[in-house]
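In what follows, a structure is listed as structure tokens, so that the remarks can point back to it.
In full-length UniProt numbering, the protein residues as written are 1 to 131.
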């Protein structure tokens, strides 16, 4: 699949697949949401609004309130590619989300998935899921 086809996929169609992947492994929708909030800066109402608008993946990331600066700490392989080596910024963000949900599905604790700040503090996710 070309990058352009991935960018044009409706986020409203991808989102349930991300949730299903996590739920099959005993994780929750609220944990998937917490990962999305952490990565993109959306809150619950912002995420739901984007899903309802049926926007594509590209627009979802381009309109994200703020990509978490700690997202640069995300590393590893997803879909056969090292996420830290992906040159295209949009594709890297998409793969970051894939990687975070993959880590969630593999049972990694939320504390590890939501990388820490430089001072050791976490981005607040208390109202969005377990921490």
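Note that beta-carbon positions come from the ideal geometry of N, C-alpha and C, so glycine has one too.
**Q.** Bridge partner(s) assigned by DSSP for residue 56
**A.** Position 56 of the chain shown holds residue 56. Its beta-bridge partners are 10.
Q: Can you check the region 33-115 for any alpha helix (DSSP H) of at least 4 residues that lies completely inside it and give the ranges in chain order?
A: 44-52, 57-62, 89-105, 110-113
(Q) Rounded to the nearest angstrom, what separates residue 13 and residue 64 at their Cα positions? (A) As a working note, residue 13 is residue 13 in the chain shown. As a working note, residue 64 is residue 64 in the chain shown. Approximately 18 Å between the Cα atoms of the pair.
Q) Using DSSP with H/G/I as helix, E/B as strand and the rest coil, what is residue 131? A) In the chain shown, the residue the question calls residue 131 occupies position 131. Below a pLDDT of 50, predicted positions are generally treated as unreliable, and residue 131, at 35, falls in that range; no measurement from the model is reported.
**Q.** 8 Å Cβ cutoff met for residue 56 and residue 15
**A.** By one-based count along the chain shown, residue 56 stands at place 56. By one-based count along the chain shown, residue 15 stands at place 15. With respect to the 8 Å criterion, residue 56 and residue 15 are not classified as neighbours on the basis of their beta carbons.
(Q) By the three-class DSSP mapping on this structure, what secondary structure does residue 25 have? (A) Position 25 of the chain shown, counted from the start, is the residue given in the question as residue 25. Three-state DSSP puts residue 25 in coil, outside helix and strand.
Q. Are the beta-carbon atoms belonging to residue 21 and residue 101 less than 8 Å from one another?
A. Sequence index remark: in the chain shown, residue 21 carries index 21 (1-based). Sequence index remark: in the chain shown, residue 101 carries index 101 (1-based). Taking 8 Å as the Cβ cut-off, residue 21 and residue 101 qualify as a contacting pair.
**Q.** Neighbourhood of residue 66 by C-beta distance below 7 Å, restricted to the same chain and skipping five residues each side
**A.** On the chain shown, residue 66 is found 66 positions in, with the first residue counted as 1. Correct list, in chain order: 41.
Q) Alpha carbon to alpha carbon, how far is residue 76 from residue 86? A) Position 76 of the chain shown, counting from 1, holds the residue named residue 76. Position 86 of the chain shown, counting from 1, holds the residue named residue 86. Cα to Cα, residue 76 sits roughly 11 Å from residue 86.
Q. Relative to the C-alpha of residue 51, which residue among 33, 11, 17, 37 is closest?
A. Against the chain shown, residue 51 aligns to sequence position 51. Measuring from the Cα of residue 51, the nearest candidate turns out to be 11.
Q) Beta carbon of residue 38, beta carbon of residue 97: below 8 Å? A) Looking up residue 38 in the chain shown gives position 38. Looking up residue 97 in the chain shown gives position 97. Not closer than 8 Å, so no.
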